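In our numbering, the protein residues as written are 12 to 205. The beta carbon of each residue, even a glycine, is placed where N, CA and C say it ideally should be. Since the structure is predicted, the reported quantities are computational estimates derived from the model, not experimental observations.
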Amino acid sequence: MNARTRRRRAATLASSISAIAVLAWALTESAALAAAPPFPAATVAPVSPAGTAAQDEPSEPWRWPVPAPIRVVAPFRAPPTPYTAGHRGIDIAASSTAAVTAPAGGVVSFSGRVAGRPVVAIDHGGGVVSAIEPVSGSVTAGTPVAAGDAIGTVSTGGHCDSGCVHFGVRIDGKYVSPYLFLGGLPRSVLLPST
12 MNARTRRRRA ATLASSISAI AVLAWALTES AALAAAPPFP AATVAPVSPA GTAAQDEPSE
72 PWRWPVPAPI RVVAPFRAPP TPYTAGHRGI DIAASSTAAV TAPAGGVVSF SGRVAGRPVV
132 AIDHGGGVVS AIEPVSGSVT AGTPVAAGDA IGTVSTGGHC DSGCVHFGVR IDGKYVSPYL
192 FLGGLPRSVL LPST
């Protein structure tokens with residue numbers, strides 16, 4: 012099983028865990044349902060993205076799109092439904108005009124303004140798209156990029172108007188946590204108090 016397939020399965024599993032937990036709680040709390048026979052075991056078939064070749068799969072976690080030190084100032088908060096409030100990405104602290112790089116290989120699908128803020132989006136194949144804003148793009152749509160290639164600089168606009176960039180990832184149009192592709196949370200470093 013390749014890395015992208017594992018991440019897609021993890022994203023699907025993460026999206027389903029809340030619903031499963033609520034159902035399990037409801038089943039254990041309801042006296043009427045406690046007497047009912049249990050549900051049969053479900054089977055899960057492996058899912059492979061259509062048209063994705065195994066050689067196109069990344070074998071390592073993505074890179075952070077801004078230089079170290081990495082400081083996440085707002086985490087991913089999945090909305091309960093696709094049309095309700097949530098934070099569909101993570102906000103990462105970044106100095107003004109810092110270089111922004113591609114988190115993984117792909118093709119730039121958009122570089123321009125959306126609702127008054129500059130955005131760069133990259134299609135990584137297999138239905139996976141990342142978007143970073145506010146970024147003054149140095150690339151144009153159709154440009155192939157590798158992980159770590161410069162795609163622009165931190166700009167202003169949107170809710171990350173100064174001092175951070177918003178980094179979002181979608182799989183087949185559905186927002187997922189970028190941590191699934193970055194290999195988890197950055198390691199914490201304790202500093203002495205002054």
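Please tell me whether residue i and residue j are closer than 7 Å, where the distance is taken between their beta carbons.
i       : j       : result
Gly-168 : Arg-128 : yes
Val-150 : Val-125 : no
Ala-157 : Gly-184 : no
Ala-113 : Ile-133 : yes
Gly-100 : Arg-88  : no
Gly-148 : Arg-74  : no
Whose CA, out of the options, lies closest to the CA of residue i?
i       : options                            : result
Val-131 : Ala-142, Gly-137, Gly-138          : Ala-142
Gly-179 : Asp-172, His-170, Cys-171, Pro-189 : Pro-189
Ala-152 : Val-140, Pro-86, Gly-159, Phe-121  : Phe-121
Gly-163 : Ala-85, His-170, Cys-171, Gly-123  : Gly-123
Asp-172 : Leu-191, Leu-201, Thr-108, Pro-93  : Thr-108
Less than 8 Å between C-beta atoms, sequence neighbours within five positions excluded: which residues of the same chain meet that for residue i?
i       : result
Val-176 : Pro-76, Val-77, Asp-102, Ile-103, Ala-105, Val-111, Ile-143, Glu-144, Pro-145, Val-146, Val-165
At what residues does the alpha helix (DSSP H) containing residue i begin and finish?
i       : result
Phe-192 : 190–193
Give every residue of the same chain whose Cβ lies closer than 7 Å to the Cβ of residue i, excluding the five residues on either side of it in the sequence, and list them in chain order.
i      : result
Pro-80 : none
Asp-67 : With a pLDDT of 42 at Asp-67, under the threshold of 50, the predicted position of this residue should be treated as unreliable, though the coordinate-derived value follows. So the list reads Gly-136, once near-sequence residues are dropped.
Can you list, in chain order, the residues of its chain whose CB lies under 6 Å from that of residue i, leaving out five sequence neighbours each side?
i       : result
Glu-40  : Residue placement at Glu-40 is flagged as unreliable, the pLDDT there being 36, under the threshold of 50; the coordinate-derived value follows with that caveat. Result list for Glu-40: empty, nothing under 6 Å.
Pro-203 : none
Gly-194 : Pro-72
Val-139 : Ile-182
Thr-154 : Val-119
Which residue marks the beginning of the beta strand (DSSP E) containing residue i, and which one marks its end?
i       : result
His-135 : 128–136
Ile-101 : 101–104
Cys-175 : 175–182
Ala-161 : 161–165
Arg-124 : 117–125
Val-187 : 185–187
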